[in-house]
Amino acid sequence: MELIYEDVETPLGTFRVAEREGRLCAAAFGDRWDRVAPRVESRFGAIGWVEGRTRAAEAVRRYFGGEIEAIDAVDVDAAGSTFQASVWSQLRRIQAGSTMSYSELADAVGAPGAARAVGTANGANPVCLVVPCHRVVRADGAIGGYGGGVRRKEWLLDHESHIPA
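Residue numbers (the numbering used here): 1 to 165.
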C-alpha cells in the first residue's frame with residue numbers, strides 16, 4: 001500500500017497531508033504527525049510513504065492564502081466508528097467563521113447529552129483542518145482544547161473570521 005504525502009509550509013508550521021488513491025486519509029501539523037501516523041499504519045498495515053504532489057496540499061495552500069472554502073472540496077477517506085463518522089461529517093457542515101459547542105454538535109448528530117463522546121470523536125479526527133474540529137468550542141464559548149494546540153486553534157478561528165461577507 002502506498003500513501004502519497006506532501007508537506008505544506010503554513011504560518012502555523014509545517015502541515016502534512018497523506019492521500020490514498022486521491023483521497024485524504026491523514027492530515028496534521030508536523031509536530032503532531034506522530035499521533036496520526038500510527039493510526040494510519042494500524043488501518044492500512046504496511047505502508048510505503050511516498051513524497052509527492054497531492055490535491056489536499058493544494059487546497060491547504062489555498063486555505064492559508066485566504067481561500068477558506070478550498071478545503072471543503074477535499075475528498076476524505078477517514079476511518080472510524082459509525083459514531084465518529086457521523087461527528088466528522090457534521091463537522092464539515094460547520095461553516096467557516098462559525099463555531100459550535102460540543103453539546104450542540106452532540107444534538108446535531110442525534111446524541112443529546114453525549115458532549116464528551118463527541119469530544120472524544122473530535123480528538124480522534126485523523127484529518128484535522130479539512131474536517132474542521134477546530135470549530136468546536138466549549139458551551140460557555142471558551143476556546144477549549146485542540147490536538148494541534150490552542151494557539152493554532154485561536155489562529156485558525158481568527159483566520160476564518162475574516163472571510164468577506
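Idealized CB from N, CA, C, for every residue including glycine.
| request: Consult DSSP for Thr82 and reduce its assignment to one of helix, strand or coil. | output: Numbered from 1 along the sequence shown, position 82 holds the residue referred to as residue 82. In the structure shown, Thr82 sits in a helix (DSSP, three-state: H, G or I).
| Going by other Cβ atoms of all chains shown within 10 Å of its Cβ, with 16 needed for buried, is Ile163 buried or exposed? | For the purposes of this step, residue 163 is taken as residue 163 along the sequence shown, with counting starting at 1. Under this definition Ile163 is an exposed residue.
| query | Pairing CB atoms from the stretch 43 to 56 with CB atoms from the stretch 5 to 22, are three or more of them under 8 Å? | reply | yes
| What do you get for Met1, buried or exposed, if any count of 16 or more other CB atoms within 10 angstroms of its CB means buried? | As a position in the sequence shown, residue 1 is number 1, starting the count at 1. Flag for Met1 reads exposed.
| Roughly how many whole angstroms lie between the Cα atoms of Pro112 and Glu67? | What you label residue 112 is simply residue 112 of the sequence shown in a count that begins at 1. What you label residue 67 is simply residue 67 of the sequence shown in a count that begins at 1. So the two alpha carbons sit approximately 34 Å from each other.
| task | Using DSSP bridges, identify the partner residues of Thr14. | result | Walking along the sequence shown from the start, residue 14 turns up at place 14. Glu9.
| Own chain partners of Phe83 with C-beta closer than 8 Å, once the 5 adjacent residues on each side are dropped | By 1-based counting over the sequence shown, the position of residue 83 is 83. Closer than 8 Å at Cβ, skipping near neighbours: Val109, Ala111, Ala117 and Ala121.
| task | Would you list the one or two residues that DSSP bridges to Gly144? | result | Position 144 of the sequence shown, counting from 1, holds the residue named residue 144. Beta-bridge pairing links Gly144 to no other residue.
| Can you tell me whether DSSP reads Leu24 as helix, strand or coil? | Here residue 24 is taken as the residue at index 24 of the sequence shown, counted from 1. Here Leu24 sits in strand by DSSP.
| query | Taking the alpha-carbon positions, what's the Arg35 to Gly22 distance? | reply | Along the sequence shown, one-based indexing puts residue 35 at 35. Along the sequence shown, one-based indexing puts residue 22 at 22. Approximately 22 Å, taken between the alpha carbons.
| query | Around the Cβ of Thr99, are there at least 16 other Cβ atoms within 10 angstroms (buried) or fewer (exposed)? | reply | Here residue 99 refers to the residue found at position 99 of the sequence shown. Buried, because 16 or more other Cβ atoms sit within 10 Å of the Cβ of Thr99.
| query | To which residues of the same chain is Arg61 closer than 7 Å at the C-beta, ignoring the five residues directly before and after it? | reply | As a first step, residue 61 is located in the sequence shown; it is residue number 61 there, counting from the start. Excluding positions up to five away in sequence, the list reads Val8.
| Sheet register partners of Ser101 (DSSP bridge) | Numbered from its first residue, the sequence shown carries residue 101 at position 101. Answer is Val137.
| said: Quick check on DSSP: helix, strand or coil for Glu154? | reply: Mapped onto the sequence shown, residue 154 falls at position 154. Looking at Glu154 - three-state DSSP - the assignment turns out to be helix.
| message | Once the 5 residues before and after Gly13 are set aside, which same chain residues still bring their CB inside 7 Å of it? | response | Within the sequence shown, numbered from 1, the residue matching residue 13 stands at position 13. Phe29, Gly30 and Asp31, listed in sequence order.
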